[in-house]
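Asker:
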Ligand code: GUN
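Residue numbers (this note's numbering): 80 to 369.
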């Protein structure tokens, strides 16, 4: 079993980006600039946005964090989005999800200029992805592609089972792996909450991608020997031995599943790290194309 180490792949992508930024500055250009809007104080969102801002400084990008209170109205948030759309110094930006319940997320995401939508959540970018046209691809599935490429794991002709159909991970992952492109051309089965007997599908998979947010969901009896397992879950579970009182686990029962795998991602240190560098890669692409 080989561990798919996000840290190693992320370091390679970051080094490449840092070199490109340095060369751009040398030529008299400016550094790419990513902005993030964070509404409220959700601790997980605070942590994710903190990682994104830190990663920007590591590769020489500028970043701006727009913090808004939980009580921000939809109209006020829309005004912030429009301001970033119109700011020529911002190459790309994200609105960290989830948003407070009183705000309609789809309305906000629709307001983001597609050419600055480095999260790839705008319907135009999802539509372009579905049509096989150039598009900003959501960061988590893109990060998984980088990982498969880095470890030279073939996907063409393979059976991939994606578990979870979220707009952010499962749906774009299934589109990416099935399209006619390098690191695509797989036969994809998309399982979800209404799938009858998920194990019956996952046991047939050469590659399993699990993104349903349930700790230890994928058990050893659900994978075939030699499978590649990609764990997108980040779940907090109680652990009295930790100072914080909890630890992070994925959607995969790692202890039991890993001995059966050819490759598997750890949690933490797997997909999560890749999500952040994929966002940087999208921001670079936005900066050089806008
Ligand atoms: N919330 C969880 N994942 C993401 C992400 O990739 N982007 C944004 N904007 N919010 C998220």
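Don't be surprised by glycine CBs; every beta carbon is placed ideally from N, CA and C.
Quick one: grab the DSSP three-state call for residue 332.
Answerer: Reduced to three states, the DSSP call for residue 332 is coil.
Asker: What are the boundary residues of the beta strand (DSSP E) that includes residue 317?
Answerer: Element bounds for residue 317: 314–317.
Asker: Please look up how many angstroms separate the CB atoms of residue 197 and residue 362, rounded, as I've assumed it's under 8 Å.
Answerer: Correct: roughly 5 Å between the Cβ atoms.
Asker: Grouping DSSP H, G and I as helix and E and B as strand, with all else coil, what is residue 388?
Answerer: Within the shown structure, residues of the chain are numbered from 80 to 369, placing residue 388 beyond reach of any answer.
Asker: Starting from the C-beta of residue 302, find all residues in its chain whose C-beta is less than 8 Å away, skip the five residues before and the five after it, and write them out in chain order.
Answerer: Once the five neighbours on either side are set aside, the close Cβ partners of residue 302 are 281, 282, 284, 287, 308, 336, 339 and 340.
Asker: Going by DSSP, which residues form a beta bridge with residue 141?
Answerer: Note: residue 141 sits in a beta bridge opposite 112.
Asker: Check the C-beta distance from residue 141 over to residue 110 and give it rounded, since I have them as a contact under 8 Å.
Answerer: Yes, they are in contact, since the Cβ atoms of residue 141 and residue 110 sit about 5 Å apart, within 8 Å.
Asker: Give me the residue from 256, 294 and 300 with the minimum Cα distance to residue 277.
Answerer: Of 256, 294 and 300, the residue nearest in Cα terms is 300.
Asker: Taking its Cβ as the centre, do 16 or more other Cβ atoms sit within 10 Å of residue 133, making it buried, or is it exposed?
Answerer: So residue 133 counts as exposed.
Asker: Could you say which of 274, 329 and 352 lies nearest to residue 89 if we only look at CA atoms?
Answerer: For residue 89, the nearest C-alpha among the options comes from 352.
Asker: Residue 266 lies in the beta strand (DSSP E); which residues open and close that run?
Answerer: That run of the beta strand (DSSP E) goes 266–270.
Asker: Tell me which same chain residues have a C-beta within less than 7 Å of the C-beta of residue 179, skipping the five on either side of it?
Answerer: Excluding sequence neighbours, residue 179 sits near 118, 119 and 149.
Asker: Report the rounded CA-to-CA distance for residue 248 versus residue 325, giving the unit in angstroms.
Answerer: In a straight line, the C-alpha of residue 248 is about 25 Å away from that of residue 325.
Asker: Does the distance from the C-beta atom of residue 267 to that of residue 241 stay below 8 Å?
Answerer: A contact, by the Cβ cut-off of 8 Å.
Asker: Using a Cβ-Cβ cutoff of less than 6 Å, which residues in the same chain neighbour residue 171 once the five nearest sequence positions on both sides are dropped?
Answerer: Within the same chain, residue 171 has close Cβ partners 113, 195, 197, 362 and 365.
Asker: Could you compute how far the alpha carbon of residue 163 sits from the alpha carbon of residue 146?
Answerer: In a straight line, the C-alpha of residue 163 is about 13 Å away from that of residue 146.
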